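Quick notes on the structure that follows.
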Amino acid sequence: MKNKVRSGCDLVLGILFIVTEIWGYYTDISYMGEYCFISGMLVGIFFLISFCHYIMTKKELSVLWYFNCMLAILIILIVTLAIGLNVEGAFIFIHIVNPIVLFVYWGVFCNHCEIKNPLQIATVVVFPICYFVLAFVLWKIVGKCPFPASLILVDNSLGMVLLSVGCVVVLFLVLGYGLHFLNKLVYNKLSSPGARHR
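Mapping the sequence shown onto the UniProt record's numbering, position 111 (from 1) lands on 111, and the numbers just tick up by one.
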């Protein structure tokens, strides 16, 4: 039953992310290189793939995939709150609602006790690094560097760019490992004999 509920959530999340991203960005495709759009669309597509995969195989994909998706989106909420960004319309979903819903999904359905090698958590840095590469390529092709990569790549020395990217990587690693061990702690507590007999 839980797997069927989760599969239904996959479908809802996939549709939610794709619809809200299109709603927010359809009026000006020049902004579709932004982190929020790229990450949101990819996560939406991933959850539709996850839904189809479960329908065909009755199995879920690796917990790592869901975790990487969650962290790539959660960072949007963290930055939004940190800088006090005011959002409206579709961007309320993109910046606030979607990250919270995805975080709850991860907390409810993703058990990190399944991850046997902690080094695998380091894969959380793959998406931000790939995004910086994509942003650089778009910048050189169309002459406009998408936000927020433009804050780091444009008008900065190579040393400052590398330092800034390094800080982003460290941030993802700290968040990744922190949430990983928190998840394991919670699930270990919930699965302990004492918790089951309460």
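By construction, the Cβ of each residue, glycine as well, lies at the ideal position given by its N, Cα and C atoms.
Just so we're clear, the structure is a prediction, and the values are computed from it rather than from any experiment.
Where the alpha helix (DSSP H) containing residue i begins and where it ends
{"i": "V101", "result": "98-109"}
{"i": "L81", "result": "63-83"}
{"i": "M56", "result": "35-57"}
{"i": "S191", "result": "158-191"}
With 16 other Cβ atoms within 10 Å as the buried cut-off, status of residue i
{"i": "E114", "result": "exposed"}
{"i": "N3", "result": "exposed"}
{"i": "M70", "result": "buried"}
{"i": "S157", "result": "exposed"}
{"i": "Y105", "result": "buried"}
{"i": "D10", "result": "buried"}
{"i": "E88", "result": "exposed"}
{"i": "L190", "result": "exposed"}
{"i": "N183", "result": "buried"}
{"i": "I152", "result": "buried"}
{"i": "G178", "result": "exposed"}
{"i": "C13", "result": "The question names Cys, but residue 13 in the sequence shown is Leu. So L13 counts as buried."}
{"i": "L162", "result": "exposed"}
{"i": "A82", "result": "exposed"}
{"i": "L185", "result": "exposed"}
{"i": "G24", "result": "buried"}
Per-residue DSSP class, three states only, for residue i
{"i": "C113", "result": "helix"}
{"i": "K4", "result": "helix"}
{"i": "C145", "result": "coil"}
{"i": "E21", "result": "helix"}
{"i": "V137", "result": "helix"}
{"i": "V87", "result": "coil"}
{"i": "Y26", "result": "coil"}
{"i": "D155", "result": "coil"}
{"i": "G14", "result": "helix"}
Alpha-carbon to alpha-carbon, residue j and residue i
{"i": "C130", "j": "S39", "result": "11 Å"}
{"i": "D155", "j": "F46", "result": "34 Å"}
{"i": "L77", "j": "V168", "result": "15 Å"}
{"i": "I100", "j": "I94", "result": "10 Å"}
{"i": "G8", "j": "V19", "result": "17 Å"}
{"i": "H112", "j": "T27", "result": "40 Å"}
{"i": "V133", "j": "L171", "result": "18 Å"}
{"i": "S30", "j": "N188", "result": "46 Å"}
{"i": "C36", "j": "N98", "result": "11 Å"}
{"i": "G176", "j": "T57", "result": "29 Å"}
{"i": "P128", "j": "A72", "result": "8 Å"}
{"i": "N117", "j": "G166", "result": "23 Å"}
{"i": "V43", "j": "S150", "result": "22 Å"}
{"i": "F51", "j": "G107", "result": "18 Å"}
{"i": "A135", "j": "P146", "result": "6 Å"}
{"i": "V142", "j": "G33", "result": "11 Å"}
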